[in-house]
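Please read the structure below before turning to the comments.
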Amino acid sequence: MEQFLLDSVPRYQSLVRAFKPPQSNKPTDTTNSSNITVATRIRPMLDDEISSGQVAGVFARKGGSGSVDIHELRKKVRGPPILNSFSFTVDKVFGPDQTTEMIYEDIVQPLVPWVCQGNVGTLFAYGQTGSGKTFTVSGLERLIATSLFDSHLEEKPEVHVCIFELAGNSAHDLLNARQSFSILEDSFGDTQLVGVQDIHVNSASELLQLIERASSFRHTASTEKNDGSSRSHAICRIRVKNPSPDSLDDGILYLVDLAGSEIARDVAAHTANRMKETREINISLSVLKDCIRERAALDAVVATEKSSSSSSSSSSSKRPYIPFRRSALTKVLKHLFDPADDSLSAKTVVLGCINPSFLDVAASKNTLRYAEMLRVVTPKRKQVEFDPNIPTTWTNKDIKNYIEAESGVPKISPAVLAPHESGLQLLRLPVAEFIHRCLQTDGVTDGQAKAFHSKLWDLHIRSQHSTTTTDSSKDSRKSQELWPDKFRSSRDVHPGAHLVPFKERIRPGMVVRWNPPADFALQFQSKHNLAVILCPQQAVGEGVRDFFGHEVGKNKEGQEDSANFQRYLCAIVLPGALADTYEVSLWRQVVIDADEMETEVLLQYDTSTRYYHTTI
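Structure representation (structure tokens):
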């Protein structure tokens, strides 16, 4: 068959020149998964291939469309051979004239800072034997090692590396003379590599030496295309421990050199063990493909549910099943696929390597078909317009403006609380981390930080409720903007009131924190000590008594109180049933001296829980 193809090169080339690529039918309102980039590299023709009369049969389509055309010459029973052409689409296509450095800068380099920020990045290299896969991976490893230790951070990251291979269901440590180890799942659902050496490295050269040492232990076998074809999946796990005390997780970068994707006729030795080995490799690649594709499909479903969460109709999309426990490879990479594991953010790059020779178009089709199936096209989400009442529409600039204007006195530093987060990302920040960032600003108290967090979330909850109702006019929306401060909060409606000391503007409805006398504290076991001012003591009529039975306007001995102009009848504020909530007990009234008042506290009413909470 090869001789027939070599004899038909002139006809093959003329048919290829006459080929007109079909127009793309990709809808304009769709997009690809943002967490998975699928690319392919077409290596240059080698000198020995050219000297033997071979020509290219795989071409990157011009215009950067991500399309690849493959041409296959088919022999007919009668008449001249015909050309069968196939087109495949991926996210990125790198042609023979593009270097490994160009590939690194385009799709791999972004993984390095991503990992240094405590996230997970994974690079898969895939392709048939002789496609230049191992050459490409070696070059990318060198560039990654250089970038990791060429950081501009004041404190260099602490880097640990382990390298191992997976062949079927067996696992071997390539940095420990191929010692076997176990892949186990702990009680928290995390995958543990029990028995693997995790080595601390201090420089790029140390890391590259370990990678070179590991490659000498890798399992290879002879095929028709390569005397030393990789017959196992090699995984280099680089763990980056960030020196920043605010970093909770180590960043992890997985470099996965997948075993050569062969078909049965490519194996030179047709032994039972070799055939079994080939089946295991192809099965693991099939499981990996299913896992990557189903995970991308799951992300698409989740994104669709989030974008439609504001509509009245509930989403009934069936969530894809991800079979990550079917092979050792996907067990190790469980964090990429497990829908229950949302602790780490992951980005994945898949690089399919292609042999361009027209003698290998069958294997190239398999590689590109595999790569194309990893792409999940989803409906493009509509551009979200800014709405001052909906925090999830805020950019980083918008959330910083809100913090500057609404975080109270002293103002919480926007650069510390939200250095790069959008409104949606800040809402997703754990409460403890939110409070911790607020407290980095001098003078900010724990109470102020909690109150600001509650204020932001109250706005978010009300915005979610408002989007489920019919859209109102702009005028009614503007009137709603006044509702939180003017009608739901104890804040003084005068805009400059906060500039006046609170004791000089005491008014009915003001909430104060006060220091009660010792005998009062014994009866009310409350550490909050909040009260709502009702009126001055002298405004109360005769015979009115407080909670203790004392007549208002008289002291404990029943005599007229000469200092009643400094005293106020107040209602006690009690803790609510929910955490950090309060309720006003109007019938529990006490007289409080102005000297016992420590500060004003702003309370805001929550209609959903029917409790008050502190605000700023």
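Residue numbers (full-length UniProt numbering): 1 to 616.
Backbone N, C-alpha and C fix where the C-beta goes; we use that ideal spot for every residue, glycine too.
Non-local C-beta neighbours of D387 in its own chain, meaning closer than 7 Å and more than five positions away in sequence, comprise T393, ordered along the chain. In terms of Cβ geometry, I354 and T89 do not form a close pair [threshold 8 Å]. The alpha carbon of L427 has as its nearest neighbour, out of D446, T445, A415, S454, the alpha carbon of S454. Here L569 is near C535, since their CB atoms are less than 8 Å apart. For L184, the secondary structure class from DSSP, reduced to helix, strand or coil, is strand. Note on geometry: alpha-carbon atoms of V500 and L417 lie some 28 Å from one another.
The residues V194, G195, in chain order, have a CB closer than 7 Å to that of S182 in the same chain once the five nearest residues on each side in sequence are set aside.
The shortest CA-to-CA distance from V112 to any of E212, G95, L255, T129 is the one to L255. Two segments are said to touch when three or more pairs of C-beta atoms, one from each, lie closer than 8 Å; by this definition the stretch 316-328 does not touch the stretch 356-364. Where E206 is concerned, the enclosing alpha helix (DSSP H) starts and stops at 204-215. Within the stretch 24-95, the runs of beta strand (DSSP E) at least 3 residues long that lie entirely inside it are, in chain order, 30-32, 36-42, 58-60, 67-74, 82-89, 92-94. Contact between the stretch 60-72 and the stretch 100-120 is absent, with fewer than three C-beta pairs closer than 8 Å. It is roughly 23 Å from the alpha-carbon of T99 to the alpha-carbon of K347.
Buried is the label assigned to K334, since at least 16 other Cβ atoms lie within 10 Å of its Cβ. A straight line joining the alpha-carbon of E141 with that of A171 spans about 22 Å.
By the neighbour-count criterion, in which 16 or more other beta carbons inside 10 Å mark a residue as buried, D7 falls on the exposed side. Among the bridge pairs identified by DSSP, C236 is matched with I163, L255. Under the three-state reduction of DSSP, V9 is assigned to helix. Just so you know, the alpha carbons of V159 and G95 end up roughly 33 Å apart. By the 16-neighbour rule on beta-carbons within 10 angstroms, T330 is buried. The three-state reading of DSSP puts H453 in helix, counting H, G and I together. Between the beta-carbon of R218 and that of L285 there is about 17 Å, and that puts the pair past the 8 Å contact cut. In the DSSP assignment, L148 falls within the unbroken alpha helix (DSSP H) covering 133-148. Judged by DSSP secondary structure, G352 falls within the beta strand (DSSP E) whose first and last residues are 346-354.
Counting only residues of its own chain and dropping the five nearest sequence neighbours on each side, F502 has a CB closer than 6 Å to the CB of E600.
Rounded to whole angstroms, the gap between the alpha carbons of V431 and A449 is 10 Å.
The Cβ atoms of P414 and E404 lie closer than 8 Å to each other. In the three-state scheme derived from DSSP, where H, G and I count as helix and E and B as strand, D173 is classed as strand. K241 is the residue among P81, A214, K241 whose C-alpha sits nearest the C-alpha of V115.
DSSP lists no beta-bridge partner residue for R274. I252 sits away from L210, with the two beta carbons spaced by 8 Å or more. Taken through DSSP and simplified to helix, strand or coil, E596 comes out as helix. Around the Cβ of I281, a 10 Å sphere holds 16 or more other Cβ atoms; the residue is buried.
If you look at G423, you'll find it isn't in any beta strand (DSSP E); it sits in the alpha helix (DSSP H) that goes 423-427. Distance from the Cα of I435 is smallest, within the candidate group L424, Y12, G447, for G447. Shown here, K156 sits in coil according to DSSP, grouped into three states, outside any helix or strand.
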